[in-house]
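Notes to accompany the following structure.
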Amino acid sequence: MNPEWSAKAAAEPGGSAVANQPTAVWLDRIAAIDGVGGSMGLRAHLDAAVAQAAGRPLVFQVVVYNLPGRDCAALASNGELGPTEIGRYRSEYIDPIAAILRDPAYAGLRIVTTIELDSLPNLVTNAGGTATATPQCEAMKANGNYVAGVGYALARLGAIPNVYNYLDAGHHGWLGWDSNLDPSVNLLHQAANASGSTPANVQGFVVNTANYSALREPNFTVDDTVNGTSVRQSAWVDWNRYVDELSYARAFRQKAVAAGFDPGVGMLIDTSRNGWGGTARPAGPGPRTTVDAYVDGGRIDRRFQTGNWCNQSGAGLGERPKAAPEPGIDAYVWVKPPGESDGASSQIANDEGKGFDRMCDPTYTGNARNNFHLSGALPNAPLAGHWFSAQFQELLRNAHPALGGVEPGPDTTAPTVPTGLTAPTVTATGVTLGWTASTDDVGVTGYDVYRGGTLAGSSAGTSFTDAGLTAATAYAYTVRARDAAGNVSPASAALTVTTAPAGGGGTGGCTATYQVSSDWGSGFNADVVITNTGTRATGSWKVGWTFGGNQRITNLWNGSLTQSGAAVTVANAGYNGTIPVGGSTGFGFGAGYSGVNALPQLSCTAG
Numbered sequence: 001m002n003p004e005w006s007a008k009a010a011a012e013p014g015g016s017a018v019a020n021q022p023t024a025v026w027l028d029r030i031a032a033i034d035g036v037g038g039s040m041g042l043r044a045h046l047d048a049a050v051a052q053a054a055g056r057p058l059v060f061q062v063v064v065y066n067l068p069g070r071d072c073a074a075l076a077s078n079g080e081l082g083p084t085e086i087g088r089y090r091s092e093y094i095d096p097i098a099a100i101l102r103d104p105a106y107a108g109l110r111i112v113t114t115i116e117l118d119s120l121p122n123l124v125t126n127a128g129g130t131a132t133a134t135p136q137c138e139a140m141k142a143n144g145n146y147v148a149g150v151g152y153a154l155a156r157l158g159a160i161p162n163v164y165n166y167l168d169a170g171h172h173g174w175l176g177w178d179s180n181l182d183p184s185v186n187l188l189h190q191a192a193n194a195s196g197s198t199p200a201n202v203q204g205f206v207v208n209t210a211n212y213s214a215l216r217e218p219n220f221t222v223d224d225t226v227n228g229t230s231v232r233q234s235a236w237v238d239w240n241r242y243v244d245e246l247s248y249a250r251a252f253r254q255k256a257v258a259a260g261f262d263p264g265v266g267m268l269i270d271t272s273r274n275g276w277g278g279t280a281r282p283a284g285p286g287p288r289t290t291v292d293a294y295v296d297g298g299r300i301d302r303r304f305q306t307g308n309w310c311n312q313s314g315a316g317l318g319e320r321p322k323a324a325p326e327p328g329i330d331a332y333v334w335v336k337p338p339g340e341s342d343g344a345s346s347q348i349a350n351d352e353g354k355g356f357d358r359m360c361d362p363t364y365t366g367n368a369r370n371n372f373h374l375s376g377a378l379p380n381a382p383l384a385g386h387w388f389s390a391q392f393q394e395l396l397r398n399a400h401p402a403l404g405g406v407e408p409g410p411d412t413t414a415p416t417v418p419t420g421l422t423a424p425t426v427t428a429t430g431v432t433l434g435w436t437a438s439t440d441d442v443g444v445t446g447y448d449v450y451r452g453g454t455l456a457g458s459s460a461g462t463s464f465t466d467a468g469l470t471a472a473t474a475y476a477y478t479v480r481a482r483d484a485a486g487n488v489s490p491a492s493a494a495l496t497v498t499t500a501p502a503g504g505g506g507t508g509g510c511t512a513t514y515q516v517s518s519d520w521g522s523g524f525n526a527d528v529v530i531t532n533t534g535t536r537a538t539g540s541w542k543v544g545w546t547f548g549g550n551q552r553i554t555n556l557w558n559g560s561l562t563q564s565g566a567a568v569t570v571a572n573a574g575y576n577g578t579i580p581v582g583g584s585t586g587f588g589f590g591a592g593y594s595g596v597n598a599l600p601q602l603s604c605t606a607g
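In UniProt numbering, the protein residues as written are 1 to 607.
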């Protein structure tokens, strides 16, 4: 039991119910080994563990998390070491940790390490020319320091008899596709043989660390079908092989053994924030009208998309830490201490090397990596690792199993009223509406659009197309927001829209918006969304702009790039040139630069 986390939890209303649970100690920078700003260092934590053990067997959990160029696909959890500082990682970080853990005073403890979260999975999904590649991950794949660093940590820590190493293995919503899972297992095996290590230094793998994927989805399986359509074809599952962490962990273990790891390896599952209880938890399967209705109505994971990872609204504490809960599962653990932020919801100056990631901003409407969904993040979040009281209270409220065996009372706070209702596209037979995202204490799950007081349809995002209308006719629209607890906001201000006259072949047109999703000073990632503003479907599109500095695009996905100096032109790919009236598509890219990174003005041409 981490005394520092326990004190913070106990100070929260209702927090004493879980303050005695064991959570991991995170060593996320060199200074954390000795303690930062009066906080406990590694020795102080180990001394506390020895006192708690009182001569009995006790597990001490520590997260080793400071690779060079750490977390190359995000910004909220960037680290202090640059991509090439593998020497400092070895001599100033791993070696001092190993020296402390080897102290005979701690020989009676069972020390479990979680080795370098997100690192090796990022090399599979965010490098090697994939659609979601980033320049940082490409650089780390090229220089080999992730593999070398993980191997070095395994070799040095694995040589200590009472240290048990577990490698991070992502989660099912990240690596659960065939194209990701097998390469990830092989890469972990490569790292286990790097820098003098062998697979014998790996006692197992940990999944869902600091994530929100459900332990079990009780209301559907990946083998279910609805009207002859597989659950795998639903928008939520999206052809994944797994729908929850328990099935993924079992499969990962089998593949790891087949790849050459010891047959006795086990799995840890982080259940600190994947309970998804409270009043928004479905009581049973969704309706069998369509496969999406079946999955969305029954899934307990209430995120907009499995790629959403930052301070998720509606989440709850999951299973309490427990040893050997299932065959092949060594334990349910709380690696991520509940109540510690995943990242700041706005830019915050700091000396911890942590940037601002738009996926932590509740108003962010997403990017290609989460299929342009809302981020689902809670507002007013502090820097990664800092205490976030509002999140802790939400986790208590939505805990499953519920605290004390009793589900909490209903949340009655309604979302804010949707604002800014506009009609960016109007045709003879349809209207596309847009509005500004609402906010809520447990998270907005969708919007209901009313035409003349009658429900016209619903949307998970901040736009909706109402089709099948009569030409040259006035329609009045309002929008209401829904939250994860079932509360509904008051109606927005009404907007009256008149459809276009009938006849004519329609006109073509498009607009493009440009948004920087991450910027680390020497490079950045950006997303461009193209919207059909004409009155007929596009057959192709082309977006152009001129950079104001020396920006140079290094990789681009979902489009065809031409760059000459500062002038950039991106045409559609072969599969996304057609955009229906009012519809949108997009592309993203990574680029390097020095100096100022000003936003350019974009032009868009529809064919």
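Where a beta carbon is used, it is the ideal one built from N, C-alpha and C, also for glycine. This structure is a prediction, so every number in the text was calculated from the model and none was measured.
Collapsed DSSP secondary structure at residue i in the structure displayed
i, result
"P490", "coil"
"I100", "helix"
"Q601", "coil"
"N186", "helix"
"Y93", "helix"
"T113", "strand"
"F372", "coil"
"F252", "helix"
"C72", "coil"
"S247", "helix"
"W236", "coil"
"I33", "helix"
"L181", "helix"
"G595", "coil"
"P3", "helix"
"V295", "helix"
"Y575", "coil"
"G452", "coil"
"L469", "coil"
"R216", "coil"
"I86", "helix"
Unbroken alpha helix (DSSP H) run spanning residue i, endpoints
i, result
"Q391", "389-397"
"R358", "Here R358 belongs to no alpha helix (DSSP H), and DSSP marks it neither H nor E."
"E138", "135-143"
"residue 612", "Limits of the chain in this structure are 1 at one end and 607 at the other, which puts residue 612 out of reach."
"R43", "42-53"
"G173", "172-175"
Endpoints, the beta strand (DSSP E) within which residue i is located
i, result
"T585", "584-592"
"Y166", "163-168"
"Y65", "Premise fails: Y65 is in no beta strand (DSSP E) and is neither H nor E."
"K336", "Neither: K336 is in no beta strand (DSSP E) and is coded neither H nor E."
"L421", "419-426"
"L433", "430-436"
"W557", "552-557"
"L81", "It is not in any beta strand (DSSP E) - L81 carries neither H nor E in the DSSP assignment."
"L268", "266-270"
"residue 610", "The question about residue 610 has no answer here: the residues shown for the chain are numbered 1 through 607."
Bridge partner(s) assigned by DSSP for residue i
i, result
"W545", "V568"
"A474", "T498"
"S230", "T225"
"C510", "N532"
"A159", "Partner(s): none; A159 has no beta bridge."
"W26", "V63"
"Q515", "D527"
"Y447", "S459, A481"
Beta-carbon separation (whole angstroms), residue i vs residue j, contact threshold 8 Å
i, j, result
"N597", "D519", "6 Å"
"G588", "N367", "6 Å"
"R303", "Q312", "6 Å"
"S560", "A571", "5 Å"
CB contact check: residue i to chain D, cutoff 8 Å
i, result
"T23", "Considering every chain present, this structure includes no chain D. It has just one protein chain."
Sub-8 Å separation of residue i and residue j beta-carbons
i, j, result
"G204", "V243", "no"
"T429", "T533", "no"
"A259", "S195", "no"
"R110", "L58", "yes"
"N558", "G590", "no"
"G577", "G508", "no"
"residue 660", "D168", "The shown model of the chain, from 1 to 607, leaves out residue 660, and the question about it has no answer."
"L599", "Y514", "yes"
"T439", "T412", "no"
"G549", "G582", "no"
"I94", "A153", "yes"
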